[in-house]
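Structure record follows, encoded as structure tokens.
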Amino acid sequence: MIGLPIKRKEDFRLLTGRGKYAADVRLPGLLHAAVLRSPHPHARIAAIRAGAARALPGVAAVITADDLGAVGRIPVRLGQRAGAGPNACLQPPLATGLVRYVGEPVAFVVAASRYLAEDALELIEIDWELLPVVADARRATDPGVPVLHPAAGGNVIERLKARAGNAESGLAAAERRLSERLADLLGHPEHLIHFIELEVGGGFGVRGEFYPEDLVVPWTAMRLGRPVQWIEDRREHLMAANHSRQQYHEVEIGVRRDGTIVALRDRFTVDLGGYIRTHGVVVPELTMALLPGPYRIPNYAFEQALAAADYKAVRAEQARARGEGRYLGIGFGCVLEKAGLGPWEYARVEVDGSGRVVVYSGVAAVGQGIETTLAQVVAGELSMSADDVTVVHGDSARVPFGI
Numbered sequence: 001m002i003g004l005p006i007k008r009k010e011d012f013r014l015l016t017g018r019g020k021y022a023a024d025v026r027l028p029g030l031l032h033a034a035v036l037r038s039p040h041p042h043a044r045i046a047a048i049r050a051g052a053a054r055a056l057p058g059v060a061a062v063i064t065a066d067d068l069g070a071v072g073r074i075p076v077r078l079g080q081r082a083g084a085g086p087n088a089c090l091q092p093p094l095a096t097g098l099v100r101y102v103g104e105p106v107a108f109v110v111a112a113s114r115y116l117a118e119d120a121l122e123l124i125e126i127d128w129e130l131l132p133v134v135a136d137a138r139r140a141t142d143p144g145v146p147v148l149h150p151a152a153g154g155n156v157i158e159r160l161k162a163r164a165g166n167a168e169s170g171l172a173a174a175e176r177r178l179s180e181r182l183a184d185l186l187g188h189p190e191h192l193i194h195f196i197e198l199e200v201g202g203g204f205g206v207r208g209e210f211y212p213e214d215l216v217v218p219w220t221a222m223r224l225g226r227p228v229q230w231i232e233d234r235r236e237h238l239m240a241a242n243h244s245r246q247q248y249h250e251v252e253i254g255v256r257r258d259g260t261i262v263a264l265r266d267r268f269t270v271d272l273g274g275y276i277r278t279h280g281v282v283v284p285e286l287t288m289a290l291l292p293g294p295y296r297i298p299n300y301a302f303e304q305a306l307a308a309a310d311y312k313a314v315r316a317e318q319a320r321a322r323g324e325g326r327y328l329g330i331g332f333g334c335v336l337e338k339a340g341l342g343p344w345e346y347a348r349v350e351v352d353g354s355g356r357v358v359v360y361s362g363v364a365a366v367g368q369g370i371e372t373t374l375a376q377v378v379a380g381e382l383s384m385s386a387d388d389v390t391v392v393h394g395d396s397a398r399v400p401f402g403i
């Protein structure tokens, strides 16, 4: 069953416009949110005057950092480290006194429509005190440059080193579930948080973060006792979403005359932006781990991997098998892209009295066709048709654990 060219289970609803996205959700009493973002890369907030916005008919609330009170900063969930550096650079849900990048959320408006919410944003007045900016990570340690987080002791948050053959990635830290993170920050019992995954399109890393809006939306809904919907527009996404940022590399490569690479040394700087987000320093760690690419470089991890796999013994087993008429192939995967980011995953398979099978999985659908592929895997194991396998995912009431 695996590998057969079957039709994807997801395609009919997606290709015919029957997919359900967040913007398609309509609930009784639904309120719509808009975010006031910083137009400055580094500035002090001297005053926020939101009285006119709050008085606008149809506006239910204008939220600033003062309203959030004791709600904490967004913690790191991958590659967490002890120490003042990363912990001093965590982002608050809404800016508290300072902004550190263009697009940082400063205020949150909830109104009867998105149009009203956007109109209310224009009525909020902010007094800014502009501060010096360092926009090049290579200059972040120069004398006299502004320090974004004085409590961190400087602009260098972490210095990472990987000796040859031992590129430690630190990715064994447990990835925590979205509902658990919300429960921590909201002070709300996790079992009372119901997370439902809708269609999200593709996923290439940017959706793996926990963003300030992910906290402010449910916090506001709890405060008002009404559902709140926030739809990120394209401009906001390009301005404020977090993914991979600039990296600057100084690379030395030692080669023989025949072109064989015998040594590699790289000193690189990664711009992590104004705050340490939920992925921590995973991006530079992955850079170190993936640096050699497909090349066989002595003193890097590849030769140690061969030793750990007992390559000579595998070759000997291959020779014995050929003598018995069996052919064993040996292959090497040069790159496992970001494998092992989470410690475990959840799945459950149920068979009912009619022989139909339901697979419950904690995997999120981000375009990879899991409703089809998981059905194929199970159908192959149970010697049945994939059409008789239903995959359930993305509902914390039915699948309590997952990434």
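The sequence shown runs 1 to 403 under the numbering used here. No residue lacks a Cβ here, since even glycine has one placed at the ideal position from N, Cα and C. Just so you know, these numbers come straight off a predicted model, no measurement behind them.
When C-alpha distances from residue 102 are compared across 275, 361, 346 and 382, the shortest belongs to 275. Contact fails between the segment 273-287 and the segment 305-318, because fewer than three Cβ pairs, one in each stretch, are under 8 Å apart. The C-beta distance from residue 30 to residue 227 rounds to 5 Å, short enough to meet the 8 Å contact threshold.
Non-local beta-carbon contacts of residue 360 in its own chain, meaning distances under 7 Å to residues more than five positions away in sequence, involve 347, 348, 392, 398 and 399 in chain order. Close CB contacts of residue 109 within its chain, under the 6 Å cut and outside five residues either way in sequence, are with 34, 62, 117, 120 and 121 (chain order). DSSP places residue 287 within a helical segment (H, G or I) once states are collapsed to three. Excluding the 5 residues flanking it on each side, residue 160 has same chain C-beta neighbours closer than 6 Å at 284, in chain order.
Contact between the segment 203-219 and the segment 12-29 is absent, with fewer than three C-beta pairs closer than 8 Å. Counting the other CB atoms within 10 Å of its CB gives residue 9 a total of 16 or more, which places it among the buried residues. Residue 358 and residue 350 have their C-alpha atoms spaced approximately 5 Å apart. Between residue 65 and residue 95, the C-beta gap is smaller than 8 Å, which places the two residues in contact.
The straight-line gap separating the alpha-carbon atoms of residue 49 and residue 126 is approximately 6 Å. A buried status is given to residue 292, since no fewer than 16 other beta-carbon atoms sit within 10 Å of its beta-carbon.
Within a 10 Å sphere around the beta-carbon of residue 2 sit fewer than 16 other beta-carbons, which makes this residue exposed. Boundaries cannot be given for residue 246, as no alpha helix (DSSP H) includes it and DSSP labels it neither H nor E.
By the C-beta criterion, the segment 364-372 is judged to be in contact with the segment 5-25, since at least 3 inter-stretch pairs fall below 8 Å. Nearest in C-alpha terms to residue 233, of all of 115, 18, 150 and 92, is 115. By DSSP's assignment, residue 393 forms a beta bridge with 361. Looking at 107, 395, 92 and 386, the one whose alpha-carbon comes closest to that of residue 36 is 107. The secondary-structure analysis by DSSP pairs residue 231 with nothing; it has no beta-bridge partner. Cβ-Cβ separation between residue 355 and residue 388: approximately 7 Å, consistent with a contact (criterion under 8 Å).
Within the DSSP secondary-structure output, residue 266 pairs in a beta bridge with 251. For the pair residue 18 and residue 98, the CB atoms are not nearer than the 8 Å cut-off. 8 Å or more divides the Cβ of residue 345 from the Cβ of residue 331.
In terms of Cα proximity to residue 213, the closest of 194, 237 and 193 is 237.
A straight-line Cα-Cα distance of about 52 Å links residue 152 and residue 16. Counting only the Cα atoms, residue 140 lies some 13 Å from residue 246.
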